[in-house]
Amino acid sequence: MAQYLTARGHEVSGIDAGFRREWVAEMGGRSALPVASVEARLDAFESAYGRRPHLVQDDLTDRDVVYRLFEDARPEAIVHLGECPSAPYSMMDADHAIWVQRNNIEGTMNVLYAMRDLAPGAHLVKLGTMGEYGTPDLDIPEGFFEIEYRGRRDRLPFPRQAGSWYHWSKVHDSNNVMFACRIFGLRATDVMQGVVYGTRFFGSSADHPADPALHTRLDFDQAFGTALNRFCCQSVIGEPLTLFGLGNQRRGFLPICDSMQCLTLAVDNPPEAGDYRVFNQFEETYTISELAAKVAAVASGMGLDPQIRRIENPRKEMEEHHYNPDHDHLLALGYQPTRDMDSEIRAMLEDLLPHHDRIAASREVLLPDIRWDGSRRRSAFLDAGNGAGPDGPAAAKPSVDEPDAGAADVDHAIGAKAAPLARG
Ligand SMILES: NC(=O)c1ccc[n+]([C@@H]2O[C@H](COP(=O)([O-])OP(=O)(O)OC[C@H]3O[C@@H](n4cnc5c(N)ncnc54)[C@H](O)[C@@H]3O)[C@@H](O)[C@H]2O)c1
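And the structure:
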């Protein structure tokens, strides 16, 4: 995000503690696409674009750090992505559950107080997740709905039914941001983001930075890889694409370049002071089976030989459910989806194929063993298979969540000074 906004003429200051690299290493994983050091990435960006984002490597849960950054940057807009994004990571044990909730909630609280004291007119664009809503047997509105109860009507926040400690941290954030808007008069956009995927975040293949140091990471371990990341990596190394249970869990998805477009639209169109608004940010919904079938079709067309298999679902989640969320607010602001999933999957496979050996060397991290009941046991295959791939416990995905879609490490902008005329 920092790269995207800086390239469009915004003056960007960012903070990132570098936790993502530590979390993935803790899971025994590594990015399928090699990631350069932060300094090398900043240098490469400056060589390509003639300017660089100002990046502080520090912790958002340290209030002094956040206040210093606000004093230096005096932001007009704050894009807050700096949280732990993994459901499985938060479900490992009490230590991880509590760490994820503290990290996410405390960081956001520090941002809210820094805004009150140092940037009360700024616009907070806060990353939430579609996973906050869960899978109710109702259509899902954008944040609020009209309800009649015992003869009285009101407009209330739509109930959240999160499915992991991580997702609940985002619900608590949403409540805190909404409350801060009310009591401090702040303005905020809470973005209920669907699963982000893809490797080309600048929008078109032609714009994709040539320097590999600027490419985004792509994780495929059970905690920080998404289903689609794993399916692509599995296709590349000839492992079966593994579905959790029935594979009928449906979620919203959008390509990373369109996520950048949507967040930029939100930045450029702030709400009124005191307003808390919610955007559901996704393009299309797919079941996980549909997703695997798409990857398999594209991979087959590229000469690969993917198989799809089902494994035990380590999560407690509904595998058959209604799913029909609204997503009109961003379209009303001018959001135009630019990529279709098939071409994005093709680009991902093209980017991953040269790293076959790197992925194959870490293939064991695809196997899920973090279970929602707190135990650790690898998921077994639920089908007989067709002879391809291993017979025992299989590779899998920690599902449909958000654990990364490969956002670049330098991408967690917390302060952006708008330069609206310098885009393009
Ligand atoms: N990627 C998705 O599909 C997706 C979907 C929905 C929502 N989200 C949300 O988007 C945001 C970004 O997700 P992502 O997938 O790019 O994850 P990411 O791990 O790549 O980005 C989060 C970054 O925040 C940093 N961070 C975390 N805690 C910090 C702290 N206390 N201080 C400083 N830096 C800290 C991490 O080092 C990491 O680089 C998250 O808030 C996530 O919940 C992501």
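Read in order, the letters of the sequence shown correspond to residues 48 to 471 in this note's numbering. Ideal Cβ positions, reconstructed from N, Cα and C, are used throughout, including at glycine. Bear in mind that the values here come from a model prediction, so they are computed numbers and not experimental data.
| Item | Value |
| --- | --- |
| Let me confirm a value: PHE291 is counted as buried when at least 16 other C-beta atoms fall within 10 Å, else exposed. Which label applies? | buried |
| Can you tell which of GLY178, GLN240, ILE284 has the C-alpha that lies nearest to the C-alpha of ALA134? | GLY178 |
| If we count the other Cβ atoms within 10 Å of its Cβ and call it buried at 16 or more, is LYS473 buried or exposed? | Nothing about residue 473 can be read from this structure; the chain reaches only from 48 to 471. |
| Less than 8 Å between the CB atoms is what I'm expecting for ALA91 and ASP258, so what's the real figure, rounded? | 5 Å |
| In the DSSP assignment, what are the bridge partners of ASN276? | In the DSSP output, where bridge partners are listed per residue, ASN276 has none listed. |
| May I ask you to report which of helix, strand or coil DSSP gives THR53? | helix |
| Is the stretch 299-317 in contact with the stretch 372-391, if contact means three or more CB pairs nearer than 8 Å? | yes |
| Quick check: the stretch 400-417 against the stretch 67-80, are at least 3 beta-carbon pairs closer than 8 Å? | yes |
| Suppose contacts are defined by Cβ-Cβ distances below 7 Å. Is PRO318 in contact with ARG202 by that definition? | no |
| State the start and end residues of the unbroken alpha helix (DSSP H) segment that holds ASP32. | Residue 32 lies beyond the range of the chain shown here (48 to 471); nothing can be said about it. |
| Checking the sheet assignment: what are the DSSP bridge partners for GLN328? | GLN240 |
| At which residues does the beta strand (DSSP E) containing ILE187 begin and terminate? | Taken as a continuous stretch (DSSP letters only), ILE187 belongs to no beta strand (DSSP E), as it is neither H nor E. |
| Going by CA-CA distance only, name the one from ASP164, PHE226, LEU396 that's closest to PRO204. | PHE226 |
| Given this structure, state the Cα-to-Cα distance separating ASP322 from LEU128, to the nearest angstrom. | 20 Å |
| Any heavy atom of ligand 1 closer than 6 Å to the Cβ of GLN328? | no |
| Assuming LEU290 is part of the beta strand (DSSP E), what are its boundary residues? | 288-291 |
| Could you please give the first and the last residue of the uninterrupted beta strand (DSSP E) stretch that includes ALA169? | Counting along the chain, ALA169 falls outside any beta strand (DSSP E), and DSSP gives it neither H nor E. |
| Does GLU367 come out as helix, strand or coil in the three-state DSSP assignment? | coil |
| Mind checking which residues open and close the beta strand (DSSP E) that includes GLY61? | 58-62 |
| Please say whether ASN295 and GLU367 have beta carbons closer to each other than 7 Å? | yes |
| Helix, strand or coil: how does DSSP classify GLU359 here? | coil |
| ASN371: buried (16+ other C-beta within 10 angstroms of its C-beta) or exposed? | exposed |
| I'd like the span of the alpha helix (DSSP H) that includes PHE271, first residue to last. | Where PHE271 is concerned, there is no enclosing alpha helix (DSSP H), given that its DSSP letter is neither H nor E. |
| Which ranges would you report for the alpha helix (DSSP H) in the stretch 383-423 if only whole runs of at least 4 residues count? | 388-399, 403-408 |
| Under 8 Å by Cβ, that's how I've got ASN157 and ARG229 pegged, so tell me the actual separation to the nearest angstrom. | Incorrect: roughly 19 Å between the Cβ atoms, too far for contact. |
| Please tell me whether, using a cut-off of 6 Å, the distance from the CB of PRO183 to the nearest non-hydrogen atom of ligand 1 is below it. | no |
| On a Cα-Cα basis, can you pick out the residue from LYS217, GLY272, ARG121 that is closest to ALA72? | GLY272 |
| Which whole-angstrom value is the C-beta distance of GLU195 and ASP373, which I expect to be below 8 Å? | Between ASP373 and GLU195 the Cβ distance is about 19 Å, and since that is not below 8 Å, they are no contact. |
| Taking just the CA atoms, how far does PRO81 sit from ASP266? | 10 Å |
| Residues in its own chain within less than 6 Å of LEU293 by CB, not counting five upstream and five downstream? | GLU366 |
| Just checking VAL242 against ligand 1 - is the residue's beta carbon closer than 6 Å to any of the ligand's heavy atoms? | yes |
| Sorted by chain position, which residues of the same chain lie with C-beta nearer than 8 Å to LEU102's C-beta, five sequence neighbours on each side aside? | ALA49, SER60, GLY61, ILE62, ASP63, VAL85, LEU89, VAL457 |
| With distances taken between CB atoms, is the gap from LEU288 to ILE358 smaller than 7 Å? | no |
| Are there 16 or more other CB atoms within 10 angstroms of the CB of ILE335, so buried, or fewer, so exposed? | buried |
| From ALA120 to HIS57, what distance separates their C-alpha atoms? | 12 Å |
| Taking 6 Å as the line, does the beta carbon of THR311 fall inside it for any heavy atom of ligand 1? | no |
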